[in-house]
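Engineer:
Numbering (this note's numbering), first residue to last: 659 to 944.
(1) In the DSSP assignment, what are the bridge partners of residue 772?
(2) Taking only three categories from DSSP, how would you classify residue 712?
(3) Does DSSP put residue 800 in a helix, a strand or coil?
(4) Look at the Cβ atom of residue 800, then the Cβ atom of residue 662, and state whether they are nearer than 9 Å.
(5) Measure the alpha-carbon distance for residue 744 versus residue 785 and round it to whole angstroms.
(6) Closest to residue 802 by CA distance: which of 859, 780, 820 is it?
(7) Tell me the residue span of the alpha helix (DSSP H) that contains residue 823.
(8) Kindly indicate which residue of 841, 716, 782, 807 has the alpha-carbon position closest to the one of residue 675.
(9) Counting only the same chain and skipping the five closest in sequence on each side, list residues whose C-beta sits under 7 Å from that of residue 882.
(10) Have a look at residue 669 and residue 861 and give me their C-alpha separation to the nearest angstrom.
(11) Is the CB-CB distance between residue 790 and residue 683 below 9 Å?
(12) With a cut-off of 8 Å on the beta carbons, I'd call residue 718 and residue 710 a contact; round off their distance for me.
(13) Pop quiz: residue 868 and residue 702 are said to be a contact at Cβ under 8 Å. What is the actual Cβ separation, rounded to whole angstroms?
(14) Any idea what DSSP makes of residue 794, helix, strand or coil?
(15) Can you grab the Cα-Cα spacing for the pair residue 839 / residue 707, in whole Å?
(16) Using three-state DSSP, classify residue 783 as helix, strand or coil.
(17) So, using beta-carbon positions, are residue 820 and residue 876 closer together than 9 Å?
(18) With a threshold of 6 Å on Cβ separation, who are the neighbours of residue 787 within its own chain once the five nearest residues in sequence on each side are excluded?
(19) For residue 665 and residue 672, I'd like the C-alpha separation in whole angstroms.
(20) Bridge partners for residue 665 per DSSP, in chain order?
(21) Residue 788 by DSSP, collapsed to three states: which one?
(22) Taking Cβ positions, are residue 849 and residue 835 nearer each other than 9 Å?
(23) Between residue 904 and the rest of its own chain, which residues show a CB-CB distance below 8 Å, the 5 nearest in sequence each way excluded?
(24) Taking DSSP's pairing of strands, which residues face residue 745 in a bridge?
(25) Let me check you understand the geometry: is the CB of residue 885 closer than 8 Å to at least one non-hydrogen atom of the ligand FAD?
(26) Return helix, strand or coil for residue 680, following the three-state DSSP convention.
(27) Hey, residue 884 and residue 825: beta-carbon distance below 9 Å or not?
(28) When the Cα of residue 895 is compared with those of 847, 879, 737, 793, which residue comes out closest?
(29) What are the boundary residues of the alpha helix (DSSP H) that residue 672 is part of?
(30) Just how far apart, CA to CA, sit residue 842 and residue 740?
(31) In angstroms with no decimal places, state the Cα-to-Cα distance between residue 712 and residue 847.
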């Protein structure tokens with residue numbers, strides 16, 4: 659039984675199915691990046707609320723409504739992506755007699771999960787085969803596959819819009835604070851005082867924090883738009899790229915690849931798979 663609450667590094671050691679199988683992103687241990695991303699999101703939201711000081715003007719009310727819709731969408735999509743179990747529906751069924759000998763002719767074999775669909779891959783972090791495996795996402799502590807991929811892309815698109823809105827918020831409030839006393843008066847009314855240093859410090863913190871998140875999100879979003887256009891999964895893209903002659907010469911690893919996959923493990927597991935006739939639990943390692 660796994661007693662850890664948080665994991666700083668994912669455990670990818672081979673395990674039997676009765677030892678550990680991650681059901682979804684809320685199965686312990688939680689990934690530290692998963693927790694960190696949620697905390698950063700809450701900090702960004704809190705900074706916007708504090709800096710804006712609940713301005714009652716009609717323009718700000720429209721902004722608050724739109725902002726609330728974005729926040730709700732992000733939370734709902736995050737919950738869906740995290741809670742869905744993307745496991746291959748055939749996993750662990752062979753030994754129970756639910757799959758007959760005729761059916762297994764078109765299936766692949768995994769040492770841990772039994773016979774699974776051809777496009778499924780075994781994730782060592784979750785210790786299960788995932789249907790149409792895309793990648794294991796440390797930000798939601800769950801695998802992304804056929805069952806939750808569309809929600810994952812939806813989450814990235816909403817996050818991209820959210821980041822752009824936050825940038826616009828920072829620019830507008832900076833401009834307004836220079837030319838008008840609207841923000842100063844609102845702070846004095848709500849907080850009892852206004853401090854230029856504190857205001858600009860919080861605004862800069864929000865801008866930088868949002869900028870960091872934006873860089874992470876936009877690269878992932880751009881990658882998945884590209885993959886959708888090519889009808890490829892992240893796993894297929896990384897495998898193809900890691901074995902291409904171009905990469906062997908250039909040796910450049912893009913930042914979004916670091917976010918998605920450990921390429922050293924992938925090369926090793928792919929090499930092992932080439933020498934094996936059956937699809938084993940070592941077929942993919944994310």
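A virtual CB, placed ideally from N, CA and C, is assigned to each residue, including glycine.
Structural biologist: Let's see:
(1) For the purposes of this step, residue 772 is identified with residue 114 of the chain shown, where counting begins at 1. In the DSSP assignment, residue 772 is bridged to 768.
(2) Working through the chain shown from its first residue, we reach residue 712 at position 54. Residue 712: coil per DSSP, three-state reduction.
(3) Along the chain shown, one-based indexing puts residue 800 at 142. Of the three classes helix, strand and coil, the one that applies to residue 800 here is strand, per DSSP.
(4) Along the chain shown, read from residue 1 onward, the residue named residue 800 stands at position 142. Along the chain shown, read from residue 1 onward, the residue named residue 662 stands at position 4. No, the pair does not count as a contact, with Cβ atoms beyond the cut-off.
(5) Taking the chain shown and counting its residues from 1, the one referred to as residue 744 is at position 86. Taking the chain shown and counting its residues from 1, the one referred to as residue 785 is at position 127. Each residue's alpha carbon lies about 12 Å from the other.
(6) Translated into positions along the chain shown, residue 802 becomes position 144. With distances taken between Cα atoms, residue 802 lies closest to 780.
(7) In the chain shown, counting from the first residue as 1, residue 823 sits at position 165. Secondary structure note for residue 823: its alpha helix (DSSP H) is the uninterrupted segment 807-837.
(8) Locating residue 675 in the chain shown gives position 17, counting from the first residue. Nearest option by C-alpha distance: 782.
(9) What you label residue 882 is simply residue 224 of the chain shown in a count that begins at 1. The answer, listed in chain order, is 811, 814.
(10) Along the chain shown, one-based indexing puts residue 669 at 11. Along the chain shown, one-based indexing puts residue 861 at 203. Rounded to the nearest angstrom, the two C-alpha atoms are 39 Å apart.
(11) On the chain shown, position 132 is the one that residue 790 refers to. On the chain shown, position 25 is the one that residue 683 refers to. In this structure, residue 683 does not lie closer than 9 Å to residue 790 by Cβ.
(12) For the purposes of this step, residue 718 is taken as the residue at position 60 of the chain shown. For the purposes of this step, residue 710 is taken as the residue at position 52 of the chain shown. The Cβ separation is near 7 Å, so the contact holds.
(13) Within the chain shown, numbered from 1, the residue matching residue 868 stands at position 210. Within the chain shown, numbered from 1, the residue matching residue 702 stands at position 44. Right, their Cβ atoms sit about 6 Å apart.
(14) Your numbering for residue 794 matches position 136 in the chain shown. Reduced to three states, the DSSP call for residue 794 is strand.
(15) Against the chain shown, residue 839 aligns to sequence position 181. Against the chain shown, residue 707 aligns to sequence position 49. Whole-angstrom Cα-Cα distance: 18 Å.
(16) Taking the first residue of the chain shown as 1, we reach residue 783 at position 125. Three-state result, residue 783: coil.
(17) Reading the chain shown from its first residue, position 162 is the one you call residue 820. Reading the chain shown from its first residue, position 218 is the one you call residue 876. Going by C-beta atoms, residue 820 is not nearer than 9 Å to residue 876.
(18) Mapped onto the chain shown, residue 787 falls at position 129. These residues qualify, in order along the chain: 746, 749, 768, 771, 774, 778, 780.
(19) Your numbering for residue 665 matches position 7 in the chain shown. Your numbering for residue 672 matches position 14 in the chain shown. Distance between the alpha carbons of residue 665 and residue 672 is about 17 Å.
(20) Taking the first residue of the chain shown as position 1, residue 665 is located at position 7. DSSP lists 689 as the bridge partner or partners of residue 665.
(21) Reading the chain shown from its first residue, position 130 is the one you call residue 788. DSSP places residue 788 in strand when its eight states are reduced to three.
(22) Working through the chain shown from its first residue, we reach residue 849 at position 191. Working through the chain shown from its first residue, we reach residue 835 at position 177. For residue 849 and residue 835, no; Cβs fall outside 9 Å.
(23) Against the chain shown, residue 904 aligns to sequence position 246. Confidence at residue 904 is low in this model, with a pLDDT of 49, below 50, so its placement is unreliable and no value can be given for it.
(24) For this step, residue 745 is matched to residue 87 along the chain shown. Residue 745 pairs with 788.
(25) For the structure depicted, the ligand FAD is absent and the ligand set is empty, with no information on it obtainable.
(26) Here residue 680 refers to the residue found at position 22 when the chain shown is read from its first residue. In this structure, residue 680 counts as coil in the three-state DSSP scheme.
(27) Here residue 884 refers to the residue found at position 226 when the chain shown is read from its first residue. Here residue 825 refers to the residue found at position 167 when the chain shown is read from its first residue. In this structure, residue 825 does not lie closer than 9 Å to residue 884 by Cβ.
(28) By one-based count along the chain shown, residue 895 stands at place 237. Among 847, 879, 737, 793, the Cα nearest to that of residue 895 belongs to 793.
(29) Position 14 of the chain shown, counted from the first residue, corresponds to residue 672. Unbroken run through residue 672: none, as it is neither H nor E.
(30) Locating residue 842 in the chain shown gives position 184, where the first residue counts as 1. Locating residue 740 in the chain shown gives position 82, where the first residue counts as 1. Approximately 41 Å, taken between the alpha carbons.
(31) Residue numbering aside, residue 712 sits at position 54 when the chain shown is read from its first letter. Residue numbering aside, residue 847 sits at position 189 when the chain shown is read from its first letter. So the two alpha carbons sit approximately 11 Å from each other.
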